[in-house]
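Every position in the sequence shown, counted from 1, becomes a number in the numbering used here once 76 is added.
C-beta atoms are modelled at their ideal positions from N, C-alpha and C, and glycine is treated no differently.
One structure below.
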Amino acid sequence: MKKVGVIGAGAMGKGIARNLRKAGYDVVAHKRKINEADPGIQYLRTHDVAITSDLQDIFRSVDVLITCLPDSPTVEKTLLGADGLANCKGRKVGCVLDFSTAHPDSTREVSKKLEALGIDMLDTPMTGGPQQADEGTIKLVVGGKPEVLEKYRELLGKVAAKIVYAGPAGSGNAVKLMNNF
77 MKKVGVIGAG
87 AMGKGIARNL
97 RKAGYDVVAH
107 KRKINEADPG
117 IQYLRTHDVA
127 ITSDLQDIFR
137 SVDVLITCLP
147 DSPTVEKTLL
157 GADGLANCKG
167 RKVGCVLDFS
177 TAHPDSTREV
187 SKKLEALGID
197 MLDTPMTGGP
207 QQADEGTIKL
217 VVGGKPEVLE
227 KYRELLGKVA
237 AKIVYAGPAG
247 SGNAVKLMNN
257 F
């Protein structure tokens, strides 16, 4: 069973982490600050999701990395920045599933740089809200290599009611932004 990391375990990411854990995956969520009184931390603990504030620990310990981040600059910093995935010595991550809604040009560039390092990437922006994330009924529009989607379709199916393939890297975000999927 693959170990999955979730960076951005907020309103949407915590439900994704919960559903993957419920499906039997070993899941670790990243929270910048771990305050046990925080309802989000309590939610993750209640659903048996491990929590860390150390990004490097996630990069070194998970096979699949899910990002649920607010924008392209944050995705770029997390994946390509000085302390990001691309620069982590001993990283284990083999695939990034980017649930963030990011700019397609940024997504294509990040995907290209990760691919050069041997890391697969799918842009998998989602629709729905926190309730759908909790229920596992979000919808995903996916960009990237079709064979990578097929490799991770079962995992994605644990958090999404519908998965639509849109084309090469950046296509998921392009379709979502153009059509408000």
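Notebook entry, point to check: Can you name the start and end residues of the beta strand (DSSP E) that Leu216 belongs to?
Noted result: Locating residue 216 in the sequence shown gives position 140, where the first residue counts as 1. Counting along the chain, the unbroken beta strand (DSSP E) around Leu216 starts and ends at 214 to 219.
Next item on the list: Identify whether Ile83 lies in helix, strand or coil by the three-state DSSP scheme.
Entry: Position 7 of the sequence shown holds residue 83. Ile83 falls in the strand class under three-state DSSP.
Margin query: Rounded to the nearest angstrom, what separates Val217 and Phe175 at their Cα positions?
Written below: As a first step, residue 217 must be located in the sequence shown, where it is residue number 141. As a first step, residue 175 must be located in the sequence shown, where it is residue number 99. Between the C-alpha atoms of Val217 and Phe175 there is a straight-line separation of about 9 Å.
Next item on the list: Please determine, among Gly248, Val104, Val240, the residue with the shortest C-alpha to C-alpha distance to Asp133.
Entry: Looking up residue 133 in the sequence shown gives position 57. Residue Val104 is the option with its Cα nearest to Asp133.
Next item on the list: Kindly indicate which three-state DSSP category Lys78 falls into: helix, strand or coil?
Entry: Within the sequence shown, the letter at position 2 stands for residue 78. Lys78 falls in the coil class under three-state DSSP.
Margin query: Could you give the first and the last residue of the continuous alpha helix (DSSP H) run that contains Leu155?
Written below: The residue you call residue 155 lines up with position 79 of the sequence shown. First-last of the alpha helix (DSSP H) with Leu155: 148 to 156.
Checklist line | Rounded separation between Asp199 and Ala113 - CA only | finding: The sequence position of residue 199 within the sequence shown is 123, counting from 1. The sequence position of residue 113 within the sequence shown is 37, counting from 1. Rounded to the nearest angstrom, the two C-alpha atoms are 33 Å apart.
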